[in-house]
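In case it helps, the working numbering puts the sequence shown at residues 1495 to 1668. All C-beta atoms, glycine included, are put in the ideal place defined by N, C-alpha and C. As the structure is a computational prediction, the values presented were derived from the model and not from experiment.
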Amino acid sequence: MNVKHFRFICKLLSGLFKGLATVGIGIVVLGFYLVLFTDTGSFNFEIDGFSLFVSQSYIEEEIFSTAALIVSPYIIGLFAYVLFKGSSLLDQLEAGHSPFNSTFAYNLKKISLVLIISDISTPLLYSLFVTLLADGHYFNIALGSSFVIGLILYAVAEIFNYGIELQELSDDTI
């Protein structure tokens, strides 16, 4: 494997992740500015992925916009955290550290769990705020791509843990 090429890709992706996280935070700040100080700003939230169950009564569009205003910082904050953590892991790989250590596997598993939990909790949290703000009810359970990516990263973290165990077993044998 070409190590220089691998390190270049890690550095490039790390910078891209940091940039995307910064842009996401900037969009939330700009969005709040537009909502609070202009008449043209609003937040919109659409459930990503496959809806498993949806139940709702008639709810005005303003309610959805207000609930999106409440939930959007949570969503962007979680994904900014995931992107910054992923960037940190790529920085470690770019510096020449092995992914087969317990800290790397633990951080990868933490990212995967944040993705899984956020993908499950985001539609539920949005449903809760819409229901609390409306006279009717709104309930949506959905799973999206973040859930699948989280599951894949969890499996990769377990593969790294297995590699660590094999490496320790090999070192003990020798």
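Under the three-state reduction of DSSP, which class applies to N1595: helix, strand or coil? Correct three-state label for N1595: coil.
Does the separation of the CB atoms of K1603 and A1651 fall below 9 Å? Taking C-beta atoms as the reference points, K1603 and A1651 count as a pair closer than 9 Å.
State the start and end residues of the unbroken alpha helix (DSSP H) segment that holds A1636. Not the alpha helix (DSSP H): A1636 falls in the beta strand (DSSP E), residues 1632–1637.
Count the other CB atoms, across all protein chains shown, that sit within 10 Å of the CB of A1649; report buried if there are 16 or more and exposed otherwise. The residue is exposed, with fewer than 16 neighbouring Cβ atoms inside 10 Å.
Quick check: what's the CA-CA separation for L1607 versus G1520? Whole-angstrom Cα-Cα distance: 25 Å.
Is it buried or exposed, T1616, if we count other Cβ atoms within 10 angstroms and call 16 or more buried? Its Cβ being crowded by 16 or more others within 10 Å, T1616 is buried.
In the DSSP output, which residue or residues are listed as bridge partners for Q1753? In the structure displayed, the chain extends from 1495 to 1668; residue 1753 sits before or after that span and is not available.
Distance check for V1529 and L1626, CA to CA, integer angstroms please. Just so you know, the alpha carbons of L1626 and V1529 end up roughly 21 Å apart.
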